[in-house]
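With full-length UniProt numbering, letter number 40 in the sequence shown gets 40, and the count goes up by one each step, no holes.
Notes follow once the structure below has been shown.
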Amino acid sequence: MPLKYHRLLLPLLLFAHQLLAEIPQCFHFTWLGAYSNHSNIHSENCESRVGDFNEIPCAEPLVVTTDDTVPDVKALWQNYTEDRENFLCQMSPGRSCVKYSYIFKGGIQNITYMCANVNSTNGCYRQTHPTGMVVEACVCTSRVGLIPCNGCSKSQSALMGWALCVLGLYQWLYKYRIV
């Protein structure tokens with residue numbers, strides 16, 4: 001019987017070591033929204049997009065989608081190529097993940113995903129301007145190994161994380177005939 005516990009202990013220690021070696025990440029890019037000339041995106045940068053409006057966040061790389069819809073960050077996260085690293089930043093002490101959206105008449109105009117120093121707790125904050133433009137900033141803290149929290153709502157991220165942990169643990173226990 002004691003052998004079963006040793007089978008359980010070694011993989012748990014390896015898993016814990018893997019988690020400690022990694023650093024939580026955030027998405028880091030700006031989706032430009034509806035963009036008429038997709039071939040022109042390579043000549044764009046944050047400085048040309050924002051200009052003198054320094055309070056508007058922008059994080060390179062700049063991204064457009066073929067059908068002008070919000071990027072599929074789950075697909076980006078699951079793309080394990082070197083290219084994926086261009087769209088991520090590592091969280092560090094005192095920094096949080098932020099998703100900064102401009103919304104007009106119910107439609108998202110653009111989104112900036114970034115790592116930032118913020119003076120607020122996790123949650124979403126909205127400000128409506130007299131023009132009808134709504135600016136929403138969502139702040140969160142990512143967890144090691146999970147999809148960055150600024151890619152989806154906090155409840156979706158937490159629920160998905162727990163579901164994957166339970167499923168993985170069950171598969172591992174079943175594989176070693178512990179359950």
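Even glycine gets a Cβ: it sits at the ideal position worked out from N, Cα and C.
The structure displayed is predicted, hence computed values, not measured ones.
**Asked** If you run the structure through DSSP and keep just helix, strand and coil, what is residue 95?
**Response** Coil, per DSSP.
**Item:** Sub-9 Å separation of residue 111 and residue 102 beta-carbons
**Value:** Yes, these two residues count as a Cβ contact at 9 Å.
**Message:** Using only the alpha-carbon positions, how far apart do residue 86 and residue 137 sit?
**Reply:** Distance between the alpha carbons of residue 86 and residue 137 is about 22 Å.
**Prompt:** If you follow the alpha helix (DSSP H) that residue 116 is part of, which residue opens it and which one closes it?
**Reply:** Residue 116 -> not in any alpha helix (DSSP H); beta strand (DSSP E) instead, spanning 107-116.
**Request:** For the stretch 14-92, list the beta strand (DSSP E) runs that are entirely contained and at least 3 residues long, ordered along the chain.
**Result:** Taken in chain order, the complete beta strand (DSSP E) segments of 3 or more residues contained in the stretch 14-92 are 25-27, 29-31, 88-90.
**Cβ neighbours of residue 160 in the same chain (closer than 6 Å, five flanking residues each side left out)** = Because residue 160 carries a pLDDT of 43, less than 50, the predicted location of this residue cannot be relied on, and the following value inherits that uncertainty. Same-chain partners within the cutoff: there are none.
**Item:** Other residues of its chain near residue 76: CB distance less than 7 Å, five sequence neighbours each side excluded
**Value:** Correct list, in chain order: 84, 87.
**Message:** Quick check: the Cα distance between residue 97 and residue 26, rounded to an integer number of angstroms?
**Reply:** Rounded to whole angstroms, residue 97 and residue 26 show a C-alpha spacing of 5 Å.
**Request:** Can you tell me which of the three DSSP states residue 151 falls into?
**Result:** Helix, per DSSP.
**Asked** Exposed or buried, what is residue 39 when buried is set at 16 or more other beta-carbons lying within 10 Å of its beta-carbon?
**Response** Classification of residue 39: exposed, given that the 10 Å Cβ count is below 16.
**Message:** Between the alpha carbons of residue 128 and residue 35, how many angstroms are there, rounded?
**Reply:** Here the alpha carbons of residue 35 and residue 128 stand approximately 24 Å from one another.
**Item:** Residue closest to residue 24, alpha-carbon to alpha-carbon, out of 104, 144, 149
**Value:** The alpha carbon of residue 24 has as its nearest neighbour, out of 104, 144, 149, the alpha carbon of 144.
**Asked** So, are the CB atoms of residue 91 and residue 30 less than 9 Å apart?
**Response** One thing to note: residue 91 has its Cβ no nearer than 9 Å to the Cβ of residue 30.
**Prompt:** Which one of 82, 32, 78 has the shortest CA to CA distance from residue 148?
**Reply:** Looking at the Cα atoms, 78 is the closest of the given residues.
**Asked** Are the beta-carbon atoms belonging to residue 56 and residue 50 less than 9 Å from one another?
**Response** Going by C-beta atoms, residue 56 is nearer than 9 Å to residue 50.
**residue 37 versus 67, 60, 28, residue with shortest Cα-Cα distance** = It is 67 whose Cα lies nearest to the Cα of residue 37.
**Message:** For a test of the three-state rule: what should DSSP assign to residue 145, helix, strand or coil?
**Reply:** In the three-state reduction of the DSSP assignment, residue 145 falls in the coil class.
**Asked** Can you tell which of 108, 45, 119, 117 has its C-alpha closest to the C-alpha of residue 69?
**Response** Nearest of 108, 45, 119, 117 to residue 69, Cα basis: 108.
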